[in-house]
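J.: Chain order of the listed sequences is A and B.
Convert by adding 5 to the 1-based position in the first sequence; the result is the number in our numbering.
Convert by adding 90 to the 1-based position in the second sequence; the result is the number in our numbering.
Yeah, the Cβ is synthetic: ideal placement off N, Cα and C, and Gly gets one too.
Everything numeric in this text was worked out from a predicted model, so none of it was measured.
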Amino acid sequence: MAALSKAQIGPILAKQGILIAFAVFMIAFTIASPKFLSVDNVFSVVRSSAILGVMALGVTFVVISGNLDLSVGSMMSFSTIVVLDLHDKIGPFLAIPAMFAMTLALGAIIGFLVGYLRLNSLIVTLGMLSAIHGLTLTYSGGQNMDIADKEGTWFSVFGQGTALGIPVPILIFAALAAFLGLVLGKTAFGRKIYAVGGNDTAATFSGVRRARTVFNCYLISAACVATAGLIQASRSLGSQNTVGQGLELEVLAAVILGGASLLGGSGTIFKTVIGVLILGFIQNGLLLLGLQFYVQFVVTWVIIILAVWLDIAAKRGKLWSPIA
Amino acid sequence: MQPGALAKALKSGAIWGFILLELIFFSVAGEFLSLSDKAFMDWENMLLLLKQSAPIGIIAMGMTIVMVNGNIDLSVGATFAIAAIVLLDSMTWPIFAGLGDWVIPVAWLLALMAGALLGALNGLIVWKTGVDAFIVTLGSMLGYRGIVFMFNGENPTSHLNWTLVDFAEAQFLGLHTATWFLLGVTFAIWFLMTRTVHGRNAYAIGDNREAAVNAGIRVGPHMMVNFAIIGFLAALSAVVFYSESGSVNPNDGQLYELWVITAVVLGGTKITGGAGNVIGTFGGVVAIQLLRKGLGHIGADTSTVNLVIGLILIAVLFLDKQLNVKGKEELKI
Chain A
6 MAALSKAQIG
16 PILAKQGILI
26 AFAVFMIAFT
36 IASPKFLSVD
46 NVFSVVRSSA
56 ILGVMALGVT
66 FVVISGNLDL
76 SVGSMMSFST
86 IVVLDLHDKI
96 GPFLAIPAMF
106 AMTLALGAII
116 GFLVGYLRLN
126 SLIVTLGMLS
136 AIHGLTLTYS
146 GGQNMDIADK
156 EGTWFSVFGQ
166 GTALGIPVPI
176 LIFAALAAFL
186 GLVLGKTAFG
196 RKIYAVGGND
206 TAATFSGVRR
216 ARTVFNCYLI
226 SAACVATAGL
236 IQASRSLGSQ
246 NTVGQGLELE
256 VLAAVILGGA
266 SLLGGSGTIF
276 KTVIGVLILG
286 FIQNGLLLLG
296 LQFYVQFVVT
306 WVIIILAVWL
316 DIAAKRGKLW
326 SPIA
Chain B
91 MQPGALAKAL
101 KSGAIWGFIL
111 LELIFFSVAG
121 EFLSLSDKAF
131 MDWENMLLLL
141 KQSAPIGIIA
151 MGMTIVMVNG
161 NIDLSVGATF
171 AIAAIVLLDS
181 MTWPIFAGLG
191 DWVIPVAWLL
201 ALMAGALLGA
211 LNGLIVWKTG
221 VDAFIVTLGS
231 MLGYRGIVFM
241 FNGENPTSHL
251 NWTLVDFAEA
261 QFLGLHTATW
271 FLLGVTFAIW
281 FLMTRTVHGR
291 NAYAIGDNRE
301 AAVNAGIRVG
311 PHMMVNFAII
321 GFLAALSAVV
331 FYSESGSVNP
341 NDGQLYELWV
351 ITAVVLGGTK
361 ITGGAGNVIG
371 TFGGVVAIQL
381 LRKGLGHIGA
391 DTSTVNLVIG
401 LILIAVLFLD
411 KQLNVKGKEE
421 LKI
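Laid out in structure tokens, this is it:
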């Protein structure tokens, strides 16, 4: 009897474990702190998670295709600095498309190296992390970038504005998540990404162009990074060169927490959004409980490992690894 | 010539050729561009270069064996910071007050033990849960950094012990203390990887884990030992460095993992495991440090260093791929 119920629980846990964990967390924090589920607090959590979240959406595509992207942090610094600089030089109307074009060009370079030349994505994006950081410093001359007239620009709308009572960063995050969720889940292109990530030899034999698919994933990732840079720039209207430093690993943590496998072929946009929200709400919940910010580092550590461990334990049907 | 022999020779010699190229380039370019009168190949300058290579280099030796295993460790930067705090903080603990300068070996031992334990914890989790090392150490990179902040919040931890500073600044046979540690660790890991059963197993596991399991190698404990080694070496690196500087910020060691991995990959270790050696890694460490110093020598700023190192890393990966593909037939240049 016990074995039967275990066999039934296993697949449910494996599929919905992250949602269950999310629900448990929300209930626990709500009981512990009454302010936790107030509209103001929820908005403030989602708004501050939006930048990380937008980047995580793009990285989800890359991870499902069986690759990694460690360059998103320094690429985000780059787009933030570029758009702030161009804002004063050519005006926001031109600055935003120019910044998108430059960030997409970087994404295209990575896509070319990983997709067409088949180089290891971990090393390529590690190299690009360093190279783009250098590029940003060269561009800015090592200086912080600030908009001269902070009061008189409509540019702040992306980071600070509200529409229909909802903060704009949340709207951007939600719209982008819905759109990319459709692209990944409902289009032929989306299915090709799963095919390439699951088994790229089989995908190639069934007529999927691996190189082009991977290339497009990196373009999507770069577009998301540019959007995140736009929100960041618009929110602060001034920035350091290192604003995105270290974000690549936090983004990856959110994607993994959402259940995407680093081997590729699995993961969804919806689960990534849950992963991002879990990270955001944990951070906020621990702060509301009066704990120091660094406690969330330790808690995140435990949660990431538990989440991935339980996921693979359910898949293999055994808690402990079979490694001798 | 055997098919592939040329490709193989090119690959193992490439890093040293690159170092030679750097030396020539910076010496010549320095004549025209450098602001100082000193030659780049100045003896003092080269000694300093080795000393400055030590913090990254000592950790890189541990990363070599972990990567040959087919694993990776992203938490070394945080382990480095924890060990530094244990070293500096423990010297001020009241229970050691009566020890005088004997507190130094005690503090060293505590710091090294902390590093080895944190490394072993990573290894234990990789072994018992079967979660990929990339994810486990990504998590502990965050977790260990959290522990760093628990010690002293965002304040630096400082303690200067002059006996220790003298030891760290000493030069024995012309080489600095840190250089001796780098050379010693390089030799020890070289010996471990080429002259012992443990070393041979490391290659076997990285090459084909299934086959290694079938051959009766206890893969789990083996990997755990290697994680303990890299944790120990991250602590050793911290201990050598902070003996001299005497003050650690909670953010110290951040991005070290990326520098270390860059050095190891430049030195020819495969990210997928099964191939690599510490001599190549030593070359990779020196090459990076030469590049930083050289670019500084000809007046370039840090931004250029980042740019150049990133591009070189990708170029090396590209060349390596070409050599691997074509080496199977005959290299066509």
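Given that residue 383 of chain B touches chain A, what residues does it touch there, using C-beta distances under 8 Å?
T.: Under the 8 Å cutoff, chain A gives no residues; its nearest Cβ is about 16 Å from residue 383 of chain B.
J.: How far does the alpha helix (DSSP H) with residue 142 of chain B in it reach, from first residue to last?
T.: 133-158 is the extent of the alpha helix (DSSP H) around residue 142 of chain B.
J.: What does residue 136 of chain A touch in chain B if you count any residue whose Cβ is under 9 Å from its own?
T.: Result: 396, 397, 398, 399, 400, 401, 403, 404.
J.: Can you give me the start and stop residues for the alpha helix (DSSP H) that residue 241 of chain A sits inside?
T.: Residue 241 of chain A -> alpha helix (DSSP H) spans 215-241.
J.: Give the interface partners of residue 179 of chain B over in chain A, defined as CB-CB distance under 8 Å, in chain order.
T.: What residue 179 of chain B touches in chain A: nothing, since even the nearest Cβ is about 17 Å away.
J.: Applying a beta-carbon distance threshold of less than 7 Å, which residues of chain B neighbour residue 127 of chain A?
T.: Ordered by position in chain B, the residues that pass the 7 Å Cβ test against residue 127 of chain A are 361.
J.: Sort A/100, A/71, A/73, A/94 by Cα distance to residue 84 of chain A and report the nearest one.
T.: Checked all of A/100, A/71, A/73, A/94; the closest Cα to residue 84 of chain A is A/100.
J.: Measuring only between beta-carbons, confirm whether residue 258 of chain A sits less than 8 Å from chain B.
T.: Yes, contact with chain B.
J.: Does residue 172 of chain A come out as helix, strand or coil in the three-state DSSP assignment?
T.: Correct three-state label for residue 172 of chain A: strand.
J.: Of all the residues that make up the stretch 229-241 of chain B, which are near chain A by a beta-carbon distance shorter than 9 Å?
T.: Going along the stretch 229-241 of chain B in chain order, one finds 229, 230, 231, 232, 233, 234, 235, 236, 237, 238, 239, 240 with a Cβ nearer than 9 Å to chain A.
J.: So, for residue 143 of chain B: in the same chain, excluding its five sequence neighbours on each side, which residues have a beta-carbon less than 7 Å away from its beta-carbon?
T.: Correct list, in chain order: 272, 375, 376, 379.
J.: Quick one: which chain B residues come within Cβ less than 9 Å of residue 326 of chain A?
T.: Simply 216, 217, 218, 219, 220, 221, 310.
J.: Put residue 167 of chain A into one of helix, strand or coil per three-state DSSP.
T.: Strand at residue 167 of chain A.
J.: Using only the alpha-carbon positions, how far apart do residue 119 of chain A and residue 160 of chain B sit?
T.: Their Cα atoms are separated by approximately 20 Å.
J.: Looking at the structure shown, is residue 422 of chain B part of a helix, part of a strand, or coil, going by DSSP?
T.: Confidence in residue 422 of chain B is poor, its pLDDT being 37 and thus under 50, which makes the residue's placement too unreliable to answer from.
J.: May I ask which residues mark the beginning and end of the alpha helix (DSSP H) holding residue 246 of chain B?
T.: No alpha helix (DSSP H) holds residue 246 of chain B; DSSP gives it neither H nor E.
J.: Could you check the C-alpha separation between residue 234 of chain A and residue 136 of chain A for me, to the nearest Å?
T.: Cα to Cα, the separation comes out at about 18 Å.
J.: Can you tell me the Cα-Cα spacing of residue 419 of chain B and residue 411 of chain B, whole angstroms?
T.: Unreliable positioning characterises residue 419 of chain B in this predicted model, as indicated by a pLDDT of 44, which lies under 50. The coordinate reading is nonetheless provided below. Answer to the nearest angstrom: the Cα atoms are 14 Å apart.
J.: What first and last residue would you give for the alpha helix (DSSP H) that runs through residue 184 of chain B?
T.: It is not in any alpha helix (DSSP H) - residue 184 of chain B carries neither H nor E in the DSSP assignment.
J.: Where do the N-terminal and C-terminal ends of the alpha helix (DSSP H) with residue 123 of chain A fall, by residue?
T.: First-last for residue 123 of chain A: undefined, no H or E at that position.
J.: Tell me which residues of the stretch 171-203 of chain A have at least one Cβ-Cβ distance to chain B shorter than 9 Å, keeping chain order.
T.: So nothing in the stretch comes that close.
J.: Rounded to the nearest angstrom, what separates residue 334 of chain B and residue 146 of chain A at their Cα positions?
T.: About 32 Å.
J.: Count the other CB atoms, across all protein chains shown, that sit within 10 Å of the CB of residue 61 of chain A; report buried if there are 16 or more and exposed otherwise.
T.: Buried, by the Cβ-count rule.
J.: Starting from the C-beta of residue 95 of chain A, find all residues in its chain whose C-beta is less than 8 Å away, skip the five residues before and the five after it, and write them out in chain order.
T.: Closer than 8 Å at the Cβ level, and outside the excluded window around residue 95 of chain A, lie 103.
J.: Report the option in A/66, A/40, A/29, A/48 whose CA atom is closest to the CA atom of residue 277 of chain A.
T.: Ranking A/66, A/40, A/29, A/48 by Cα distance to residue 277 of chain A puts A/66 first.
J.: Say whether chain B places a C-beta atom closer than 8 Å to the C-beta of residue 133 of chain A.
T.: Chain B, which has a Cβ nearer than 8 Å to the Cβ of residue 133 of chain A, makes this yes.
J.: Would you mind reading off the limits of the alpha helix (DSSP H) that contains residue 289 of chain A?
T.: Counting along the chain, the alpha helix (DSSP H) containing residue 289 of chain A begins and ends at 274-293.
J.: Which term fits residue 178 of chain A, buried or exposed, when burial requires 16 or more other beta carbons within 10 angstroms of its beta carbon?
T.: Residue 178 of chain A comes out buried.
J.: Which value, in whole angstroms, describes the spacing of the CA atoms of residue 50 of chain A and residue 255 of chain B?
T.: Whole-angstrom Cα-Cα distance: 47 Å.
J.: Comparing alpha-carbon positions, which option in B/372, B/409, B/362, B/316 lies nearest residue 354 of chain B?
T.: Closest by alpha carbon: B/372.
J.: For the ligand MN, is there a heavy atom less than 7 Å away from the beta-carbon of residue 40 of chain A?
T.: The model on display carries no ligand, and the ligand MN is accordingly not part of it.
J.: Please check the pair residue 148 of chain B and residue 275 of chain B, which I expect to be a contact at CB under 8 Å, by giving their CB distance rounded to whole angstroms.
T.: That belief holds up - the Cβ atoms of residue 148 of chain B and residue 275 of chain B are roughly 5 Å apart, short of 8 Å.
J.: Of all the options A/46, A/45, A/283, A/327, which has the alpha carbon lying nearest to the alpha carbon of residue 29 of chain A?
T.: Comparing Cα positions, the closest option is A/283.
J.: Given that residue 121 of chain A touches chain B, what residues does it touch there, using C-beta distances under 9 Å?
T.: Within 9 Å Cβ-Cβ: nothing; residue 121 of chain A doesn't reach chain B, min ~12 Å.
J.: Buried or exposed for residue 6 of chain A, please, with buried defined as at least 16 other CB atoms from any protein chain shown within 10 angstroms of its CB.
T.: Model confidence at residue 6 of chain A stands at a pLDDT of 40, short of 50, so the residue's coordinates are unreliable; what they give is reported in the following sentence. When all chains shown are included, residue 6 of chain A counts as exposed.
J.: For residue 211 of chain B, would you say it is in contact with chain A, using Cβ-to-Cβ distances shorter than 8 Å as the test?
T.: Judged by the 8 Å Cβ criterion, residue 211 of chain B is not in contact with chain A.
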